[in-house]
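Take a look at the structure set out below.
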Amino acid sequence: LKKHTFLNDQSDKITEENWQHYFSRRIFSPLSCDSNKLNDEKTMLAIRPIFQQIFRHAVRLSHQSRVWASILDVFTRTLPTLFDSYVNVEDAQIDFLQCIEEPISNDYILFISKSYNRNPHLIKNNLSQALLVIERLLLGYHIRAVRYYIDQAILAHIETVIDIEALVQTFIRVCPLIPIDHRQESCKEVISNVAYKLGRMKCSKKLAPIFFDFAITLLDLCVLEAPSCALYLLEKNDFYPWKDLAPRFTDLLRLCSAYERVEVKKSSSELDSLVTILQLVVDRAKAYAIIYRSTHKEALQAISRWTYTNDNNNNNDNRKIWPNHVYDMGRPMLDLIDQRHITIDICTQFIEALRLRIIDNESAEDDIPINYIMISFFVNIAAQLTNYIDLLKVLSNDVHSRLATLLLKALSRPLRYENGDMSMEYAIAERLWHCLCPYLINEADVRLYEPCIQRIHSLACDEDETKFFEWWSTFWCYITMKVPDFAANYVEDFFQDVFEHKQTVITSVLPMLYFKRPEAYHARLGNIIDALHSSDASSSCWLAQVFATIAQERPQLITSAQVDRIFAIIQSRSNSSHDLHYLFQGLGSVANIEPLLFDSYRPIILQFVVESQSVPAMKCLQQYFVAGTLVRGQQSASEYLSVLIDLLKKDTNITNDIRSQIFHTCQLIGVINKQALETKRNDLLTFDTYSDCRILIDFIDGKRLTEEVQASINKTQDEVAQMEKRVVKTERDVENVTNVVKGQELKVTNLAVQVDAVDNRLSDISGQVTAQSREIERIDAKTLSHIPVAWGREVSKLLNRRANNDWRLLGKRFGYSNSELRHWALQVDPTMALLNEWFMTHKADEATYADCFSTCILIIIDEAALANFKFAQQTSQCTLSVGIAFGVGVYAGSINK
86 LKKHTFLNDQ
96 SDKITEENWQ
106 HYFSRRIFSP
116 LSCDSNKLND
126 EKTMLAIRPI
136 FQQIFRHAVR
146 LSHQSRVWAS
156 ILDVFTRTLP
166 TLFDSYVNVE
176 DAQIDFLQCI
186 EEPISNDYIL
196 FISKSYNRNP
206 HLIKNNLSQA
216 LLVIERLLLG
226 YHIRAVRYYI
236 DQAILAHIET
246 VIDIEALVQT
256 FIRVCPLIPI
266 DHRQESCKEV
276 ISNVAYKLGR
286 MKCSKKLAPI
296 FFDFAITLLD
306 LCVLEAPSCA
316 LYLLEKNDFY
326 PWKDLAPRFT
336 DLLRLCSAYE
346 RVEVKKSSSE
356 LDSLVTILQL
366 VVDRAKAYAI
376 IYRSTHKEAL
386 QAISRWTYTN
396 DNNNNNDNRK
406 IWPNHVYDMG
416 RPMLDLIDQR
426 HITIDICTQF
436 IEALRLRIID
446 NESAEDDIPI
456 NYIMISFFVN
466 IAAQLTNYID
476 LLKVLSNDVH
486 SRLATLLLKA
496 LSRPLRYENG
506 DMSMEYAIAE
516 RLWHCLCPYL
526 INEADVRLYE
536 PCIQRIHSLA
546 CDEDETKFFE
556 WWSTFWCYIT
566 MKVPDFAANY
576 VEDFFQDVFE
586 HKQTVITSVL
596 PMLYFKRPEA
606 YHARLGNIID
616 ALHSSDASSS
626 CWLAQVFATI
636 AQERPQLITS
646 AQVDRIFAII
656 QSRSNSSHDL
666 HYLFQGLGSV
676 ANIEPLLFDS
686 YRPIILQFVV
696 ESQSVPAMKC
706 LQQYFVAGTL
716 VRGQQSASEY
726 LSVLIDLLKK
736 DTNITNDIRS
746 QIFHTCQLIG
756 VINKQALETK
766 RNDLLTFDTY
776 SDCRILIDFI
786 DGKRLTEEVQ
796 ASINKTQDEV
806 AQMEKRVVKT
816 ERDVENVTNV
826 VKGQELKVTN
836 LAVQVDAVDN
846 RLSDISGQVT
856 AQSREIERID
866 AKTLSHIPVA
876 WGREVSKLLN
886 RRANNDWRLL
896 GKRFGYSNSE
906 LRHWALQVDP
916 TMALLNEWFM
926 THKADEATYA
936 DCFSTCILII
946 IDEAALANFK
956 FAQQTSQCTL
966 SVGIAFGVGV
976 YAGSINK
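Just so we're aligned, residue 86 is where the sequence shown starts under our numbering, counting upward by one.
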């Protein structure tokens with residue numbers, strides 16, 4: 086039979102059909118009912134090698150002979166297990182080799198594949214030949230045959246008899262050899278099944294490097310199905326030594342980015358696996374930072390290509406829009422740039438990329454649909470740029486200039502699309518703006534953004550884009566602290582935002598700019614107080630701080646009506662309001678110069694002191710009481726002391742801070758009016774367990790104080806002296822005096838012209854007078870030191886004694902204030918300290934000294950003493966200073982009498 090080929094068209098059709106019927110229906114029959122046939126099962130099994138040979142012969146001729154094809158079909162149906170065993174083991178290799186000889190018979194492959202599926206030992210014993218079949222079939226583009234062969238013969242036994250390493254190495258070697266036109270189908274129909282199986286099965290970790298190489302090989306095919314196949318392998322958990330594989334990630338990123346050239350349908354998701362692979366790399370890089378060394382350069386180059394910042398034709402208005410899968414890859418690719426190697430140049434590159442994209446959007450055709458995937462990519466670039474700015478912190482002036490240009494360009498574009506979505510330009514500007522502000526340090530950099538802030542303010546105020554008030558406030562919250570001179574130029578805008586646009590966030594910068602533009606604050610004082618009524622808790626705290634600052638610096642600007650409004654605000658506040666501290670602080674400054682305005686509000690202040698234990702309220706009360714004592718004298722001092730002592734008696738739960746302030750207030754009043762404090766000595770004894778109170782009692786008793794306590798008293802006296810300078814004594818005729826003074830000012834103005842003429846004639850005389858004055862002052866200073874020591878001691882002994890007409894009266898007639906007299910009272914010899922101050926601080930004009938001193942002594946000495954004084958003054962040859970000192974002696978003698 087084998088001697089005949091029975092080739093098609095070798096004989097006429099009838100003869101061929103007769104032969105075909107003769108062999109497939111008579112000699113070899115597929116029917117089990119036919120007994121007279123050669124292909125009986127027992128016969129075939131008895132001479133299996135003969136039938137295997139005739140089967141192989143039929144396979145070789147079946148593609149060109151319908152007769153042999155019919156015979157092959159009969160054998161296949163009669164004994165499917167024909168190749169399940171071999172008499173000679175070597176015969177098995179014959180089928181592996183013959184099945185891949187051209188022409189390839191799919192039927193033959195399918196037939197023997199089933200046998201290998203039932204008999205895995207045939208694959209195990211002939212693995213090299215089995216893998217050779219895969220190679221030849223793949224390269225010969227026999228997709229159906231190789232898929233069936235792999236599924237039945239290889240994958241069915243991959244976990245038992247297959248050498249995984251040999252199998253993977255075969256694919257690594259064969260895949261690059263597959264013709265480009267056949268790679269897509271080969272991946273889809275054959276390789277994907279293998280990769281999926283390898284990715285899901287348990288394997289030795291020793292195979293990890295070769296698996297990684299297989300994934301790299303698959304990606305290099307650059308066809309749609311390849312990334313998903315590679316992902317099957319790379320997704321294996323707890324398998325790869327990522328740290329050791331770090332150098333290979335350069336190739337991985339290069340091959341992923343190479344898919345930028347692959348064309349896909351716009352709505353296709355076939356290349357989504359690329360994004361998953363890159364995200365997997367990102368996750369591994371977070372765990373193993375060494376991976377960034379390999380990904381940095383490739384990622385940066387990919388981003389440069391996709392943004393065209395490395396394109397020499399940057400001015401080309403028709404820059405390419407990449408496929409969506411490229412922009413999808415851009416997000417994880419950005420994360421693979423090593424932030425440890427970020428430079429100013431990289432930031433500049435990203436800034437330029439964003440600027441070019443905005444320019445392209447501006448010049449693009451109006452009918453181009455919105456590409457949200459592309460928008461997301463560029464917004465991610467902006468977000469990444471903010472991270473780089475956070476890392477670098479210090480940016481060059483050139484970078485700031487580029488950023489300012491980019492932001493202004495973005496803010497000049499529409500903020501929304503027609504469907505209401507925020508535009509790409511807005512999203513970019515928003516991310517950059519909030520990141521930049523902390524890193525604007527010097528005025529030169531800040532001024533670069535002036536057009537931007539003006540545009541932002543215009544959008545907020547003129548175009549009702551109120552969200553830009555937040556941008557505006559964020560900028561100034563940082564810049565005001567760093568460049569206050571620049572911020573001061575916008576104070577009027579800040580007030581406009583607060584009072585007209587009700588944007589209270591900006592109030593946080595107002596306290597910092599008062600001293601730069603105080604006039605603007607003074608002009609808006611009424612608005613500030615009005616805003617305190619309606620503002621929220623946070624902004625009212627800032628406004629209250631502004632009020633306190635104005636009150637401290639210019640308390641005379643606060644009117645009685647404004648004080649009324651402030652107290653109305655205080656009464657509306659809860660005890661925990663933060664602005665109460667500043668409100669009471671400001672009111673305290675006003676009370677320091679106008680204490681009489683606070684008489685009607687004393688109950689409110691006391692209420693906050695008693696019920697809320699408010700220290701600021703107590704300090705306000707302190708300044709009110711001390712200033713009132715300076716204005717009204719002893720009667721008010723006694724009243725205030727009684728109120729303070731009642732606070733100590735009634736409120737047993739008073740805090741230590743409040744108690745200390747009460748004792749300190751008593752001390753301040755006592756320094757002003759000690760007599761009033763002395764009357765309260767018995768009341769204070771009740772609280773002598775407190776050290777502050779004991780100091781008060783010692784002060785009343787005139788006991789010798791320790792250095793520490795004396796220093797405290799001195800500090801208190803200085804504090805009273807400062808307050809005394811600020812107090813305005815409200816007498817009834819103040820207004821009348823003010824009117825008179827204004828009239829006199831007009832007259833003085835008219836006289837000024839006449840005085841100018843006289844002044845010229847006095848210029849010549851002034852030179853002579855100056856010389857004489859210097860000589861007299863020299864003599865004064867010299868003669869003062871020649872006062873007899875014994876005589877001076879006697880004078881001091883007389884005047885230092887406490888009496889109604891002691892040295893204090895002399896000091897008052899000289900014009901010194903009570904605080905200065907109290908200061909000298911602490912000296913060892915107050916009389917000589919007073920005289921020394923008088924002589925050393927006044928010019929030696931005899932007439933002035935004589936008149937002043939005569940006025941002083943005429944009040945208290947008799948005519949005889951005065952005659953003695955005049956006689957001594959006329960007969961002695963001493964200078965005026967010694968004469969005055971002698972007169973003081975007479976004055977002291979009269980007191981002694």
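Where is the CB? At the ideal position from N, CA and C, for every residue including glycine.
Quick caveat: nothing in here was measured; it's all calculated off a predicted structure.
Spatially closest choice to residue i from the options, by CA coordinates
{"i": "K800", "options": "K765, V756 and T771", "result": "V756"}
{"i": "L216", "options": "N204, V231 and L130", "result": "V231"}
{"i": "N504", "options": "L493, P454, N527 and L476", "result": "P454"}
{"i": "I614", "options": "L319, N574, M566 and G671", "result": "G671"}
{"i": "G718", "options": "N758, E220 and H485", "result": "N758"}
{"i": "H206", "options": "R487, I513 and Y171", "result": "Y171"}
{"i": "F108", "options": "Q183, E604 and R151", "result": "R151"}
{"i": "S198", "options": "I99, R425, W909 and T166", "result": "T166"}
{"i": "F553", "options": "Y511, K567 and A529", "result": "Y511"}
{"i": "I460", "options": "S697, L480, K478 and L439", "result": "L439"}
{"i": "E274", "options": "H242, L304, Q254 and H227", "result": "H227"}
{"i": "Q708", "options": "K98, D180, Q637 and Y775", "result": "Q637"}
Three-state class that DSSP yields for residue i in the structure shown
{"i": "R487", "result": "helix"}
{"i": "M507", "result": "strand"}
{"i": "R766", "result": "helix"}
{"i": "N403", "result": "Reliability fails at N403, whose pLDDT of 48 lies under 50, so the model's placement of it is uncertain and the value that follows must be treated cautiously. Three-state result, N403: coil."}
{"i": "R498", "result": "coil"}
{"i": "P326", "result": "coil"}
{"i": "K282", "result": "helix"}
{"i": "D94", "result": "coil"}
{"i": "E186", "result": "coil"}
{"i": "V568", "result": "coil"}
{"i": "V349", "result": "coil"}
Whole-angstrom C-beta distance between residue j and residue i, which should lie under 8 Å
{"i": "T471", "j": "C520", "result": "4 Å"}
{"i": "I1023", "j": "R766", "result": "This structure gives no information on residue 1023, because the portion of the chain shown stretches from 86 to 982."}
{"i": "A702", "j": "F710", "result": "So it is not a contact: roughly 13 Å between Cβ atoms."}
{"i": "A1026", "j": "D582", "result": "Since the first and last residues shown for the chain are 86 and 982, residue 1026 lies out of range."}
{"i": "Y575", "j": "L525", "result": "About 15 Å separates the two Cβ atoms, so there is no contact after all."}
Endpoints, the alpha helix (DSSP H) within which residue i is located
{"i": "H142", "result": "R133 to S147"}
{"i": "L642", "result": "Premise fails: L642 is in no alpha helix (DSSP H) and is neither H nor E."}
{"i": "T245", "result": "Counting along the chain, T245 falls outside any alpha helix (DSSP H), and DSSP gives it neither H nor E."}
{"i": "T361", "result": "D357 to A372"}
{"i": "V35", "result": "Given a span of 86 to 982 for the chain in the structure shown, any question on residue 35 remains unanswerable."}
{"i": "G671", "result": "D664 to I678"}
{"i": "H749", "result": "N741 to I757"}
{"i": "H206", "result": "P205 to N210"}
Alpha-carbon to alpha-carbon, residue j and residue i
{"i": "Q178", "j": "N124", "result": "24 Å"}
{"i": "K87", "j": "R346", "result": "55 Å"}
{"i": "F435", "j": "W391", "result": "11 Å"}
{"i": "L130", "j": "V159", "result": "15 Å"}
{"i": "S985", "j": "Y599", "result": "Because the chain in this structure spans residues 86 to 982, residue 985 falls outside the shown range and cannot be described."}
{"i": "A280", "j": "L224", "result": "18 Å"}
{"i": "Y725", "j": "I690", "result": "13 Å"}
{"i": "I265", "j": "I257", "result": "16 Å"}
{"i": "K578", "j": "E515", "result": "Inspection of the sequence shows that residue 578 is occupied by Asp rather than by Lys. Each residue's alpha carbon lies about 22 Å from the other."}
{"i": "Q539", "j": "Y667", "result": "32 Å"}
{"i": "I375", "j": "I295", "result": "21 Å"}
{"i": "Y377", "j": "C272", "result": "30 Å"}
{"i": "N741", "j": "N482", "result": "55 Å"}
{"i": "L182", "j": "L195", "result": "15 Å"}
{"i": "S697", "j": "S662", "result": "11 Å"}
{"i": "D649", "j": "S623", "result": "23 Å"}
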